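If you count by the UniProt record's numbering, then the sequence shown holds residues 1 to 80, one letter each, in order.
Just so it is clear, CB atoms sit at the ideal spot from N, CA and C, and this is done for glycine as well.
Small disclaimer: the values here were computed from a predicted structure and weren't measured.
Take a look at the structure set out below.
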Amino acid sequence: MAGPIIALLLSIQAPSLIPQAPPVAMPGKERPGMAYDPITETYVPIIGWKPPPLTGTVPAGTKMQYNRLGQKVGEVPVRR
C-alpha cells in the first residue's frame, strides 16, 4: 500500500525536479552593449563592446555622389 502513496508524492514533486527555462529578458529593456544576466536578473554591460560604425553618414557640407547605376562614387562639397 505504501508503493502507490510514494509514487503519488513523487509525481506531485516531479515538476520541481525538472530544470526550469531561464527567465525571458523583459522586452523594451534591451539596450545595445548590454546583455541580460539570468542569474542576477539584471542587464550587465558587455566588456569590450563598441557601437557599430555609422554607415551612410556624410560629413557636414558634403553630399554623396552617385553614378547612373546608382552606385556610390564619393563625396562632393555642397555649394550653397
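By alpha-carbon positions, which one of the options ends up nearest to residue i?
i, options, result
"residue 51", "31, 69, 70, 61", "31"
"residue 47", "41, 38, 34", "34"
"residue 63", "74, 36, 70", "74"
Here's the rule: buried if 16 or more other CB atoms are within 10 angstroms of the residue's CB, otherwise exposed. What is residue i?
i, result
"residue 72", "exposed"
Which whole-angstrom value is the C-beta distance of residue i and residue j, which I expect to be below 8 angstroms?
i, j, result
"residue 61", "residue 78", "6 angstroms"
Discussion item. Could you tell me which whole beta strand (DSSP E) segments of length 3 or greater appear in the stretch 30-76?
Written reply: 34-37, 42-45, 62-66
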